[in-house]
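To keep things clear, I will list the structure first and then write my remarks on it.
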Amino acid sequence: MSSSLSVYLLDIAATRALVGSRDDELLAWVRAAFPDLLAQDDDYFSHAIEQGAPTASEALHAVVHGGPFSENRDHAFTYGYAYKRLCSLTGRFLDNNSFTPHRGDWLSMVDEGLKTRGVTAVSVADFGYGSLPSPLPWADAPSCGEWAPEHIAEALRQYEAGQGAVAASGQASALEPAVEEAVTQCLGWIRMAAAKPGFGVIGFRF
C-alpha cells in the first residue's frame, strides 16, 4: 500500500493558533468560498459519515472551536483532515512529486540523503510520526509533522556548511537519482521557508 505527502509553507504559530480560536469568521469564509471542497471531502468519506463520523463542515467547526470531538476513536481521522484542509486554504502548497505516492521506508531513505548533504535539523520521516496540535485527538492518519522556523534556519546553515566542505574536498557523495531529486525538493522547501521569517513547513502523511 502506498502513502502520500501533502506539504505546506505556513506561519506555523499562526496556523496552530487557528485550533481552538473560535474564529467563526474563518469558518464562514471557508464554507462560503470552498463549498465544493467540503462536499468533495464528504463524498470521499461518505461511508464513515454514514457510520456517524462528522461531516467535513462539522469536523472543521470542532477544530476551530477546540471541540467537542466524537468519542468514537474511529472518527478521529476527520479532525486531522479538517486541520489539513485549514492548512491547504491558509498556506502555500509545496510541490512534492518525489513523495506522492511513496512506499516502504522511502522517507527514511531521503533523510539519509539529506544527511549526506550535511542536513540533520529536519526530517521528512517526521511527517509520518508527528501528531496534530492539541487538543485534536490522535489518529493513525493523517499523521502530521512540522519543520519549525528555527529548524529551517539550522537546516539551511547545515547545508551551506556542508556544501563548503564538499567544495573544499572536491568530492560529493553520489546519490541515486530518485533520492537526489527528493533531496533537492526538500532543499527547495527549506529555502522558501527560510526566506519568510516565522514561516516553516507542515506536512501530512496519509
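Heads up: the sequence shown is residues 3 to 208, going by the working numbering.
Glycine included, each C-beta is placed from N, C-alpha and C at the ideal position.
Quantities reported herein were computed from a predicted structural model and do not represent experimental measurements.
Based on the DSSP output, what are the partners of residue i in its beta bridges?
{"i": "Glu148", "result": "Ile204"}
{"i": "Leu7", "result": "Arg207"}
{"i": "Leu12", "result": "Gly202"}
{"i": "His104", "result": "Ser5"}
{"i": "Phe95", "result": "Tyr10"}
Using a threshold of 8 angstroms, state whether the C-beta atoms of residue i and residue j are closer than that.
{"i": "Tyr161", "j": "Gly147", "result": "no"}
{"i": "Gly200", "j": "Pro135", "result": "no"}
{"i": "Ser4", "j": "Pro103", "result": "yes"}
{"i": "Ser6", "j": "Phe208", "result": "yes"}
{"i": "Ser59", "j": "Arg33", "result": "yes"}
{"i": "Leu20", "j": "Leu28", "result": "yes"}
{"i": "Ile14", "j": "Gly202", "result": "yes"}
{"i": "Asp113", "j": "Ser100", "result": "no"}
{"i": "Gly120", "j": "Ala184", "result": "no"}
{"i": "Gly115", "j": "Leu177", "result": "yes"}
Excluding the five sequence neighbours on either side, which residues of its own chain have a C-beta within less than 6 angstroms of the C-beta of residue i, listed in chain order?
{"i": "Thr118", "result": "Ser175"}
{"i": "Ala170", "result": "Per-residue confidence for Ala170 stands at a pLDDT of 40, beneath the threshold of 50, marking its modelled position as unreliable; no derived number is given."}
{"i": "Leu96", "result": "Val9, Leu11, Trp191"}
{"i": "His67", "result": "Arg24"}
{"i": "Gly82", "result": "Leu134, Ala141, Pro144"}
Spatial neighbours of residue i within its chain, please: CB distance less than 8 angstroms, with the 5 preceding and 5 following residues excluded, ordered by chain position.
{"i": "Thr211", "result": "The structure shown does not extend to residue 211, since the chain is modelled only from 3 to 208, so the question has no answer here."}
{"i": "Gly166", "result": "Low confidence applies to Gly166: its pLDDT is 47, below 50, so where it sits in the model is not reliable enough to give any reading."}
{"i": "Ala84", "result": "Ala58, Ala61, Leu62, Ala64, Val65"}
Can you list, in chain order, the residues of its chain whose CB lies under 7 angstroms from that of residue i, leaving out five sequence neighbours each side?
{"i": "Ala78", "result": "Pro139, Trp140, Ala141"}
{"i": "Ala123", "result": "His153, Glu156, Ala157, Gln160"}
{"i": "Ala196", "result": "Ile154, Ala155, Leu158"}
{"i": "Met111", "result": "Val181"}
{"i": "Asp44", "result": "Ile51, Thr57, Ala58"}
Could you confirm whether any beta carbon from chain C is found closer than 8 angstroms to the beta carbon of residue i?
{"i": "Tyr10", "result": "Although the question refers to chain C, the structure presented lacks it and comprises just one protein chain."}
Is it the case that the CB of residue i approaches a heavy atom of the ligand GTP more closely than 7 angstroms?
{"i": "His77", "result": "The model on display carries no ligand, and the ligand GTP is accordingly not part of it."}
With residue i and residue j assumed to form a contact (beta carbons below 8 angstroms), what rounded beta-carbon distance in angstroms separates them?
{"i": "Phe206", "j": "Pro144", "result": "4 angstroms"}
{"i": "Gly69", "j": "Pro179", "result": "Actually they do not touch by this definition, with Cβ atoms about 47 angstroms apart."}
{"i": "Ala55", "j": "Thr80", "result": "5 angstroms"}
{"i": "Asn98", "j": "Gln187", "result": "7 angstroms"}
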